[in-house]
Each structure stands twice: as C-alpha cells, then as structure tokens.
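Residue numbers (the UniProt record's numbering): 1 to 173.
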C-alpha cells in the first residue's frame, strides 16, 4: 500500500515544518520519519493524530557515550533499517560514518535473508571477528545496534551499558 504521509511538528520558536514520505509503504515511511526526526533532534512526533514523545537525542548520545567509555568498547552506533545514522560515537578519530550506516543496514538485511534461506529461525545478532577486535551487530526494535570492541572483550560485562542504549532506542518507537 503506497501513501502520502505528512508529519507536522513545532520547534520552540513555533515555526511549523512538514516532512513527507511519498510512494513508500506505511511501515517504511514511519521508520524513515523517525530516523529523520532523530537526526533533526525533534521533541515530539505526531503520527496518525497521536503525539508520541521521544527520548531526546542527547539522551541517546549520553547512553552511547557511557557505552563507549566502557573499557574495551571503541565505538557504538544506532542505525535505521534503511541505513540512516541515528547515533554514532567512537573513541578514535571519526572517519566518514555515512557509508557505515548503509553498510550496516545492508549487512543486517543480507544476514537475515541468509538465515531465512537456511531455515535457521529468526536472526538475533551478527558477530564479526577481525584482527583488531569484534563487532556485534543486532536488532533492537526496528533499528540496528552496533558495538565495536577490542579483541577478547567479554560482551556479558558490557551488557548493562548496552541495555541503556537499547532502552533509549525502545523509547524511539
């Protein structure tokens, strides 16, 4: 079902803005709009006549900062399934992160498709091991959550900080 979605919101200066998603499915438009609102750091999203408050972008950034401050964690990101970067924080100098979000989204779709083709049930997470460390990529609601860690880090030891980021993500939808 294709449709036109308009979402209006106001800033503190009372200026009205409109974001439109044309010619895409309702679910995709909704997720695209949520990602857009987070990139623009909007406070309230009005969908289908219902106001939905969101976690402020600074709350998500604080959760990412706490996670990256954990020993052994070098970067963390939250990405929409369409490849829009919602939040990223890394300890080292940031390279271009725009391609990262697109690659992460494609990697997740590819792994999900492979899991379905092999009839292994629902995919939970992707673990990528490399010479310099480990990348854990998983689904969190309708978003993708990525944690890059040093080699040998115990993911169970950083689960509380990962939980804070996931809680912030859950408040986004």
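Beta carbons: idealized from backbone N, C-alpha and C, even for Gly.
Check: According to DSSP, residues forming a beta bridge with residue 148; Outcome: 75 and 135
Check: Nearest residue (CA-CA) to residue 70, options 90, 81 and 110; Outcome: 90
Check: Terminal residues of the alpha helix (DSSP H) in which residue 141 lies; Outcome: Looking at the DSSP string, residue 141 is not in any alpha helix (DSSP H), and its letter there is neither H nor E.
Check: Same chain, Cβ closer than 7 Å to residue 162, five either side skipped, listed in chain order; Outcome: 67 and 147
Check: C-alpha gap between residue 176 and residue 113, whole angstroms; Outcome: With the chain running from 1 to 173 in the structure shown, residue 176 is simply not present.
Check: Expected contact under 8 Å - CB spacing of residue 141 and residue 169 to nearest Å; Outcome: 6 Å
Check: Beta strand (DSSP E) segment containing residue 86, residue limits; Outcome: 85-90
Check: C-alpha distance - residue 136 paired with residue 127, whole-angstrom precision; Outcome: 5 Å
Check: Test item: CB-CB of residue 81 and residue 107 under 8 Å; Outcome: no
Check: Sub-8 Å separation of residue 58 and residue 165 beta-carbons; Outcome: no
Check: Continuous alpha helix (DSSP H) stretch holding residue 166: start and end; Outcome: 159-170
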